[in-house]
Every structure is written in structure tokens, then in C-alpha cells.
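Engineer: In the numbering used here, the protein residues as written are 2 to 255.
Idealized CB from N, CA, C, for every residue including glycine.
From a predicted model like this one, the values you see are computed outputs, not experimental measurements.
First the structure, which I've put down as C-alpha cells, then a few questions once you've had a look.
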């Protein structure tokens, strides 16, 4: 493999956290994955909370559909799925209990499916997470080495340190919404430590920035762009940007 193609996106807010939109959002994902297969994309990343489930049965059904889709279209899929919590505790308590309701689902073309729960949400509650969880490997690919962060985990300094220790080359940040989006500083910090970072997020504005920071001569380099390679759907609408990396995890022009 000379290049590794990663597709990230912005998604309009239509149907966000609304069970009635599950079918439309699954159809949109299927159509986008089918189109991306023509671009020889290896990994397609959706934002945090792209799907919403009110119970475990819905969660399992959505995960199964994502896994089947990855196998059928020949593209690995990374999709955010949020669950409903009855009588929810404050976020900090959920962090300390490791019970945040957001998950990342990774479905591989070989039929493998992994899921990971969100560990922390802010730079403040990062200190409530156990060291073992911060050091947990959430590996998508071994070469180039790619791992995933769920919304807010990018602020967790121990998670950042663990990524650098494992010599991770690329990180996918699955943000929820672009409202009060402020991950630029940690993306720069990751790049300074030799880690490229990309982001998928919900954003209603057409031509929203597709964020990308990579290692550069001065420590970090901003490669973010409003340009897209593919637009799918209307409500919701997907704007997709494809990034090419070489086997060492560096941006490739191929």
C-alpha cells in the first residue's frame, strides 16, 4: 500500500440525537460509503453521536448494520453512537464511574467490530479517569498506526502522553458538534509530538472547515481545509474530505 486514504466529514445537525432519523442517517452512511469505495478510501470517519440509541437492543442493531456495511462496501467505518441515560448523573460523576453515554464503533472489512466508551469530556474532568483507562489502546490500524479519540478526550493529557508513547501516527477526533469548537490547541500539541490529527463533527454551515494538523518544521502545521472531495445528501448533508497518508503517517500528495 503506497497511500492510506482517510475520509473525514462534517454532517448537518438534521436528526442529531433523534431516533426518528436513524433510517435516514443509515441510508446516508451507506450511500457515502458506496461512493467512497470508488475513491479507494480505506477508512471513513463519522462524528460523535452520529447515531442515537435509546436501549441496548437498538445499540446492537445499529452496530450490526455498521459491521455488515463495512464488509459489503470494503471500507472500514468509524461511527459515533450515543445512548440515552435515564435519570442521568452529572458529567463528572459519569466520568469517574466510566459511564459516559457516548461510544465509538469501529467496523472492519474483515467483519471485526470494536466499541469504546468515552473516557472524559473536558480538561477539568480528565483527572477523574483511572490511569489504566487513559493508557488503553484504541487501535484502528497498525500501519500507519491510527487511534481514535471521542469528543473531549483530546484534552486529556494522560491520553495524549499514551498516544505519543505508543508512537501513534494519526489520531481521529470524533467531535459531536462544532458549537464552541476549541480543539486547536491539543491538535497542535499532538502534532508537535509527531501525531497528525483529523476531525469529523456535526456542523450546519456549508463549507465548514475540515480540521487537520500535522507535524511540521516548527513543531506543527495546519492543513485544515474548507475544500471537499464529495458531498452526499441534503437533510442531513455530508461534506467529505479525503486525506492521503503514506505508510509512515505523513501527508502524501499521491
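Helix or strand or just coil, what does DSSP make of residue 201?
Structural biologist: Of the three classes helix, strand and coil, the one that applies to residue 201 here is strand, per DSSP.
Engineer: Comparing C-alpha positions only, which one of 245, 35, 25 and 53 sits nearest to residue 69?
Structural biologist: When each option's Cα is compared against that of residue 69, the closest is 35.
Engineer: In whole angstroms, what is the alpha-carbon distance linking residue 220 and residue 229?
Structural biologist: Near 26 Å, if we compare the C-alpha coordinates of residue 229 and residue 220.
Engineer: Am I right that residue 108 and residue 67 are in contact with their C-beta atoms under 8 Å? What's the rounded C-beta distance?
Structural biologist: Between residue 67 and residue 108 the Cβ distance is about 5 Å, and since that is below 8 Å, they are a contact.
Engineer: Could you tell me the boundaries of the beta strand (DSSP E) in which residue 105 lies?
Structural biologist: Unbroken beta strand (DSSP E) run through residue 105: 103-108.
Engineer: Between residue 156 and residue 187, is the Cβ-Cβ spacing less than 8 Å?
Structural biologist: Against a cut-off of 8 Å, the Cβ pair of residue 187 and residue 156 comes out as a contact.
Engineer: When burial is assigned at 16 or more other CB atoms within 10 Å of the CB, is residue 45 buried or exposed?
Structural biologist: Looking at its Cβ environment, which holds 16 or more other Cβ atoms inside 10 Å, residue 45 is buried.
Engineer: Cβ atoms of residue 171 and residue 197: under 8 Å apart, would you say?
Structural biologist: In contact: residue 197 and residue 171 (Cβ atoms closer than 8 Å).
Engineer: In the DSSP assignment, what residue or residues form a beta bridge with residue 239?
Structural biologist: Bridge partners of residue 239: 12 and 233.
Engineer: Run through the DSSP bridge pairs and tell me what residue 249 is partnered with.
Structural biologist: In DSSP, residue 249 forms no bridge with anything.
Engineer: At 4 residues or longer, what runs of the alpha helix (DSSP H) sit wholly inside the segment 119-149?
Structural biologist: 132-135, all fully within the segment 119-149.
Engineer: Answer with buried or exposed for residue 29, where buried requires no fewer than 16 other C-beta atoms within 10 angstroms of its C-beta.
Structural biologist: By the neighbour-count rule (16 or more Cβ atoms within 10 Å), residue 29 is buried.
Engineer: How would you label residue 86, buried or exposed, when you count the other beta carbons within 10 angstroms and need 16 or more for buried?
Structural biologist: Exposed, by the Cβ-count rule.
Engineer: Looking only at its chain, what residues have a beta carbon closer than 7 Å to the beta carbon of residue 123, apart from the 5 residues adjacent to it on each side?
Structural biologist: Result list for residue 123: 153 and 156, in chain order.
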